[in-house]
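Heads up, the thing below is written out as structure tokens.
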Amino acid sequence: MPAKQSKTLAAICLALAMLATSGNASASGSSPATATAGEDLPSLQDAEMLSPFGGRANFSPDGKRIVLVGKTYGDAYELDVATGKVRNLTSGFPHQGIMRIQYLPDGNFLVTAPRVQFGPNTRAHLEMWFLDKNLQTGLQPLGEALFEGIAVSRKSNRIAWTAVDPTLKPGDNWQMAFARPTTRHIAEIKVTNGKATLVNKRSIMTNLPKACTFIEPQDFRDDDGELVYSCMGMTAKGGIVISVMGNVIAEDRNITYYRKEGEYNEVEGIAPDGSWTTVECGTQDTAGLPELDICRLDLRPDGPITRIVRGRVPGSTSDVSNPVVSPDGKWLVFQRSDSASPDIGEGYGLYRLRLKN
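First residue of the sequence shown: 123, per our numbering; consecutive thereafter.
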């Protein structure tokens with residue numbers, strides 16, 4: 123994801139524990155560790171609430187609206203940032219529940235949703251759908267299955283995604299998708315007379331970097347020439363490491379932006395100019411999901427990484443995740459999450475903080 127409380131990749135802890143990988147993962151960059159009690163960092167209590175419900179926020183191209191999912195496999199909504207008015211985008215037609223919704227640059231929507239519900243394992247059986255901005259036709263299938271998030275270009279209707287191949291059976295635990303073979307693809311969504319189709323589809327990253335057993339695309343940058351993604355893998359000592367990487371598509375060349383043993387760093391919303399990105403960051407010293415803050419990472423090898431938002435609310439299980447940056451680069455929007463929730467990625471409200479220059 124792209125997105126990731128996203129924490130969409132937390133289940134990797136279980137799946138990767140079942141894998142036998144080799145190779146030594148080198149550390150890079152300086153560690154932000156985890157926010158400590160004495161640090162003067164903004165947190166959930168300092169943020170402006172935009173919505174008392176929902177999560178997986180995504181800005182419209184002009185930054186005036188935000189789409190969100192009310193709850194996992196619920197309806198999708200659109201929030202007017204200036205007025206606070208919310209409209210339901212998906213109540214007017216049948217569907218099996220929405221996992222994600224994202225704006226395309228042309229103002230239409232890309233939706234991630236199941237065709238059929240398989241209970242807890244539905245997450246491994248999601249598909250892509252197109253939703254016209256006029257909401258006249260309902261969800262149009264794009265004919266592609268995917269696992270986890272989709273990267274969407276800011277410049278064109280280009281997208282990138284990961285698919286599990288072969289797909290899991292309906293009864294298989296969805297988390298096992300992280301341990302299965304995967305393929306990665308890019309394509310464009312072409313809209314003609316209201317009908318959407320995928321065109322120019324091709325495979326990318328045929329061979330994953332040795333450091334990665336699974337990758338989740340997050341964003342494009344450098345005039346859509348590079349795909350920024352989260353890399354999930356294991357260290358030579360059997361530890362789990364989640365890192366920030368990029369792929370120069372034309373060269374199939376991978377770049378490590380931040381990787382450090384003992385840390386969880388999942389890339390999230392990228393800055394409008396592509397020079398830096400938000401990261402869910404924390405210390406990965408146990409097999410479970412660690413407490414996570416929101417960090418800023420400059421997208422250059424060994425670039426600085428800095429905590430900008432404290433995640434965990436003292437005395438509660440509330441924390442923050444799935445940060446996105448407004449198109450003007452002035453605002454950070456994230457969701458309130460609950461570390462005690464069994465539903466990874468569930469959001470319980472959207473909040474906004476002004477970014478410092």
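Backbone N, C-alpha and C fix where the C-beta goes; we use that ideal spot for every residue, glycine too. This one's a predicted model, so the numbers in the text were calculated from it and none came from an experiment.
Original post:
Hey, out of 389, 167, 335 and 237, whose CA is closest to residue 121's CA?
Top reply: Limits of the chain in this structure are 123 at one end and 479 at the other, which puts residue 121 out of reach.
**OP:** Tell me, to the nearest whole angstrom, how far the beta carbon of residue 441 is from that of residue 194; I am working on the premise that it is less than 8 angstroms.
**Re:** Incorrect: roughly 17 angstroms between the Cβ atoms, too far for contact.
**OP:** Ignoring anything shorter than 4 residues or poking outside the segment 206-284, list the alpha helix (DSSP H) runs there in chain order.
**Re:** none
**OP:** Would you check if the distance between the CB atom of residue 332 and the CB atom of residue 307 is smaller than 8 angstroms?
**Re:** no
Original post:
What is the rounded straight-line gap between the Cα of residue 135 and the Cα of residue 367?
Top reply: Any answer about residue 135 is weak, because its pLDDT of 48 lies below 50 and its placement is not dependable; what the coordinates show is given next. C-alpha separation (whole angstroms): 19 angstroms.
Original post:
If we count the other Cβ atoms within 10 Å of its Cβ and call it buried at 16 or more, is residue 338 buried or exposed?
Top reply: buried
Original post:
Which same chain residues, not among the five before or five after residue 254, have their C-beta less than 7 angstroms away from its C-beta?
Top reply: 230 and 316
**OP:** State the Cα-Cα distance for the pair residue 201 and residue 208, rounded to the nearest angstrom.
**Re:** 5 angstroms
**OP:** Apply the 10 Å Cβ neighbour rule to residue 373 and answer buried if 16 or more other Cβ atoms are within range, or exposed otherwise.
**Re:** exposed
Original post:
Straight-line CA distance for residue 455 to residue 475?
Top reply: 7 angstroms
**OP:** Helix, strand or coil for residue 166, going by three-state DSSP, please let me know.
**Re:** helix
Original post:
Which partner residues of residue 338 appear in the DSSP bridge assignment?
Top reply: 352
Subject >> Euclidean distance between Cα positions of residue 187 and residue 180 >> reply: 8 angstroms
**OP:** Note down the Cα distance separating residue 361 from residue 196, rounded to an integer number of angstroms.
**Re:** 35 angstroms
Subject >> Per DSSP, the bridge partner or partners of residue 398 >> reply: 420
**OP:** Could you say which of 369, 413 and 182 lies nearest to residue 385 if we only look at CA atoms?
**Re:** 413
Original post:
Can the beta-carbon of residue 191 be found less than 8 angstroms from the beta-carbon of residue 177?
Top reply: yes
Original post:
residue 304 to residue 237, Cα distance in whole Å?
Top reply: 20 angstroms
**OP:** Have a look at 278, 293, 248 and 242 and flag the residue whose alpha-carbon is nearest the alpha-carbon of residue 268.
**Re:** 248
Original post:
Where does residue 350 land, buried or exposed, given buried means 16+ other C-beta within 10 angstroms?
Top reply: buried
Subject >> residue 401 versus residue 328 - alpha carbon distance >> reply: 26 angstroms
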